[in-house]
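Enquirer:
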Amino acid sequence: MATQAAAQATTGAELKVGTDVMIELSNVNKWYGQFHVLKDINLTIYRGERIVVCGPSGSGKSTMIRCINRLEEHQRGKISVENVELTHDLKNIEQVRREVGMVFQHFNLFPHLTVLENLTLAPIWVRKMPKKEADEVAMHYLQRVRIPEQAKKYPGQLSGGQQQRVAIARSLCMNPKVMLFDEPTSALDPEMIKEVLEVMIELARSGMTMLCVTHEMGFARTVANRVIFMDRGEIIEQNTPEEFFNHPKSERTKMFLSQILHH
Amino acid sequence: MTDQTLSTPPVSDDRRPDLPPPITVAGPIAWVRANLFSSPLNIALTLLSAFLIYVIVPPVLTWGIFNATWTFPPEVVTGERAPKFSDCAPGGACWIFVGARLGQFIYGFYPEPERWRVILSFVMAMVGIYGLLGAPVRFRKASGIFFFIIFPIVSFWLLRGGLGLLPVPTEQWGGFMLTLVISIVGIVLSLPIGIVLALGRRSNLPVIHLLCVIFIEFVRGVPLITVLFMANILLPLFLPPGMQVNVLLRVLVGITAFAAAYMAEVIRGGLQAIPKGQYEGAMAMGLSYWQMMRLIILPQALTVAIPGIVNTFIGFFMDTTLVSMVGLFDFLNMVKAGYKDANWVGAEITGYAFCAVVYWVICFSMSRYSMYLERKLHTGHKKR
Chain A
149 MATQAAAQAT TGAELKVGTD VMIELSNVNK WYGQFHVLKD INLTIYRGER
199 IVVCGPSGSG KSTMIRCINR LEEHQRGKIS VENVELTHDL KNIEQVRREV
249 GMVFQHFNLF PHLTVLENLT LAPIWVRKMP KKEADEVAMH YLQRVRIPEQ
299 AKKYPGQLSG GQQQRVAIAR SLCMNPKVML FDEPTSALDP EMIKEVLEVM
349 IELARSGMTM LCVTHEMGFA RTVANRVIFM DRGEIIEQNT PEEFFNHPKS
399 ERTKMFLSQI LHH
Chain B
49 MTDQTLSTPP VSDDRRPDLP PPITVAGPIA WVRANLFSSP LNIALTLLSA
99 FLIYVIVPPV LTWGIFNATW TFPPEVVTGE RAPKFSDCAP GGACWIFVGA
149 RLGQFIYGFY PEPERWRVIL SFVMAMVGIY GLLGAPVRFR KASGIFFFII
199 FPIVSFWLLR GGLGLLPVPT EQWGGFMLTL VISIVGIVLS LPIGIVLALG
249 RRSNLPVIHL LCVIFIEFVR GVPLITVLFM ANILLPLFLP PGMQVNVLLR
299 VLVGITAFAA AYMAEVIRGG LQAIPKGQYE GAMAMGLSYW QMMRLIILPQ
349 ALTVAIPGIV NTFIGFFMDT TLVSMVGLFD FLNMVKAGYK DANWVGAEIT
399 GYAFCAVVYW VICFSMSRYS MYLERKLHTG HKKR
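Chains as they are written, first to last, in this note's numbering: chain A, 149 to 411; chain B, 49 to 432.
1. With 7 Å as the limit, tell me which residues of the region 322 to 346 of chain B have their beta carbon closer than that to any beta carbon of chain A; keep them in chain order.
2. I'd like the ranges of any alpha helix (DSSP H) spanning at least 4 consecutive residues and lying wholly in the region 198 to 250 of chain A.
3. Please classify residue 252 of chain A: does DSSP put it in a helix, a strand, or coil?
4. Would residue 427 of chain B pass as an interface residue toward chain A - the criterion being a Cβ-Cβ separation below 8 Å?
5. I'd like to know whether the C-beta of residue 360 of chain B is nearer than 8 Å to at least one C-beta of chain A.
6. Quick one: give me the first and last residue of the beta strand (DSSP E) that residue 378 of chain A is part of.
7. Does the CB of residue 393 of chain A have a neighbour CB from chain B at under 8 Å?
8. Give me the Cα-Cα distance between residue 276 of chain A and residue 283 of chain A, rounded to the nearest whole angstrom.
9. Is the CB of residue 285 of chain A under 8 Å away from at least one CB in chain B?
10. Of all the options B:421, B:116, B:224, B:141, which has the alpha carbon lying nearest to the alpha carbon of residue 152 of chain B?
11. Give me the DSSP bridge partner(s) of residue 176 of chain A.
12. Quick one: residues in its chain with C-beta nearer than 8 Å to the C-beta of residue 240 of chain A, no 5 flanking neighbours on either side, listed in chain order?
13. Considering only C-alpha positions, which residue in the set A:342, A:347, A:394, A:304 is nearest to residue 290 of chain A?
14. By DSSP's criteria, residue 171 of chain A is part of a beta bridge. Which residues make up the other side?
15. For residue 348 of chain B, which residues in chain A fall below 9 Å Cβ to Cβ?
16. Since residue 367 of chain B is in the alpha helix (DSSP H), which residue starts that stretch and which ends it?
17. Using the Cβ count rule (16 or more neighbours within 10 Å means buried), how would you classify residue 271 of chain A?
18. At a CB-CB cut-off below 9 Å, which residues of chain A make contact with residue 447 of chain B?
19. Please list, in chain order, all residues of the same chain as residue 435 of chain B whose beta carbon is under 6 Å from its beta carbon, the five residues on each side excluded.
20. Hey, residue 317 of chain A and residue 252 of chain A are a contact pair by Cβ (cut 8 Å); roughly how many whole angstroms apart?
21. Please list the partners that residue 269 of chain A has in chain B, where partner means a Cβ-to-Cβ separation under 7 Å.
22. Determine the closest residue to residue 366 of chain A out of A:341, A:382, A:396, A:210, with distance taken between C-alpha atoms.
23. Is it buried or exposed for residue 191 of chain A, if we count other Cβ within 10 angstroms and need 16 for buried?
24. Under 8 Å: do the region 324 to 335 of chain B and the region 254 to 269 of chain B share three or more Cβ pairs, one atom per stretch?
25. Ordered along the chain, which non-local residues of its own chain (more than five positions away) have a Cβ less than 7 Å from that of residue 389 of chain A?
26. Less than 8 Å between the CB atoms is what I'm expecting for residue 218 of chain B and residue 294 of chain B, so what's the real figure, rounded?
27. Decide if the region 177 to 186 of chain B is in contact with the region 403 to 416 of chain B; the criterion is three or more beta carbon pairs, one per stretch, under 8 Å apart.
28. Measure the CB-CB distance between residue 254 of chain A and residue 427 of chain B and report whether it falls below 8 Å.
29. Quick one: list the residues of chain B neighbouring residue 242 of chain A, beta-carbon separation under 7 Å, in chain order.
30. Anything in the region 211 to 240 of chain A with a Cβ closer than 7 Å to a Cβ of chain B? List those residues in chain order, please.
31. With DSSP run on the structure shown, which of helix, strand or coil describes residue 150 of chain A?
32. Does the pairing of the region 308 to 323 of chain B with the region 351 to 363 of chain B give three or more beta-carbon distances under 8 Å?
33. Residues of chain B with CB under 8 Å from residue 245 of chain A, in chain order?
34. In three-state DSSP terms, what is residue 386 of chain A?
35. Can you tell which of A:328, A:351, A:361 has its C-alpha closest to the C-alpha of residue 229 of chain A?
36. Less than 6 Å between C-beta atoms, sequence neighbours within five positions excluded: which residues of the same chain meet that for residue 132 of chain B?
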């Protein structure tokens, strides 16, 4: 795995985790029509945590993290981010979205804007930042994801890996308190996965609270302090990566791990 | 182990030089062969096209240029008498008809000493349009304010008169000027109204959705001519007695509503082409609904919809000729009035040919501009 060398430098366990609650989900239930996608989800995320969510497709892991910034609506239970509860109140929703960054499987960059404009849009319009300052912030984060030279290009002119790094930088420009990753490497060619994971690992080291839906188990081993396994809308098991990979408790976890680790 | 039949080594680091292509692949002969004579069907089509060009083009040129009458006879030039149709040679276009009537074709019955006001308005419109579409981006905001706020007020005052200018009632407006007034008002208003209707039709709020659907489907389900008659005859019946609404205003309302309904559907098509991820990307960053629409969704949707939007504009520009049915003298109707003059009986073919050329030039320009715009707004290959 590409991340092995990095893993020796720091393991997830050495990174600090705060004691104040960032995100709280209690008894969250959601249905798509008749289909019960999320069943009584209870999850508390503390500041500085790096959580990897895994599970078979259709297990509800994407739906769960999309509920946290209200891209999906839950029907029962309570979700709050930094004590702001997500209800139908648009004000609360917008407040939460300002503080929660999200990176998507398909990047969702805005193709009609340059990379720099993609990065400065939200700071200018949502945070009311002056354009000059927004440009500076954007260039800072482009440097951090190592593609400052692409600032004037359009997303369509970049490779998938570069686009995903731009998407990460775009979220960081809003100076979020939490970052959600929804399968950030699943749409990438194998040789591009590495560059995106490196950026994510660096981000984790900087103390960002992260919640990642991913199948990159190397990443989970390297930086996660907690791995959550979901199946059929339920959280089946959660543990430190060490325990999770070496001594899985439930049968479903064992089966899942045997399938993804022996391919 | 070596293979004697192998003429080149299986692995070679030497790049082979690029050779020029054979004559059958590039060059004019190859082009003609590939494009005009590549198959029996293609040969037949080429010959048929050549025959059609031979049949159509020479007579049109003879009529329109070589046999046409381009200059007034000497008595007319010296002012002894007015020009008339019999001054023209038979078998050719009578362009002096256009020359003699051009003032009316352009200004209608607008009083001659006041025509500078029309010209000034026209220049303002052109400056505004250039500022919005052609000038560098940094002038765009100023151009927008000029075109959408200053220009309508000033040109309304200029054309209509009052406040120190001689009042010219709209009944005296006509010709190309009237066509432009209707077109510009219709085009400029139908786009924003169309956008609002399209967004309304996609709204989650049932009342707004229903209102937009009813409006769009009702207007689209009725011919424009009916909309115009309704605006002209039915509307006054619903208004309180004694309240008079200007004919031109009634027509403008009707025709704008008509164009907006079509525009809404074209824009809805553009909106549907935008992937869900764009909405999610915008929402996840905390943009409000209107910010998301204005900054992310509409710029892309309108770009996608450009061909349809311009198509609607062109159709609308042609449809303005229908206002003649409710008694307005637009450009076409003014030309018609011209050849009904006793002096010009027989000039209708020339008149219609002139109209066709003018309409064609304007519509073709719109079409070319839209293609230029599509190329300009295309940002790299879009994978998603």
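We put the CB at the ideal spot given by N, CA and C, even for glycine.
Expert: A quick look at the data gives this:
1. 325, 326, 328, 329, 331, 332, 333, 334, 335, 336, 339, 343, 344
2. 209 to 216, 238 to 247
3. coil
4. yes
5. no
6. 374 to 379
7. no
8. 13 Å
9. no
10. B:224
11. A:189
12. 232, 233, 234
13. A:347
14. A:193, A:229
15. 258, 259, 260
16. 346 to 367
17. buried
18. Within the shown structure, residues of chain B are numbered from 49 to 432, placing residue 447 of chain B beyond reach of any answer.
19. Here chain B has residues from 49 to 432 only, and residue 435 of chain B is not among them.
20. In fact, because the Cβ distance is near 14 Å, the residues do not count as touching under 8 Å.
21. 343
22. A:341
23. buried
24. no
25. 160, 368, 369, 372, 375
26. 6 Å
27. no
28. no
29. 334, 336
30. 217, 219
31. Confidence in residue 150 of chain A is poor, its pLDDT being 44 and thus under 50, which makes the residue's placement too unreliable to answer from.
32. yes
33. 331, 332, 333, 334
34. strand
35. A:328
36. 391
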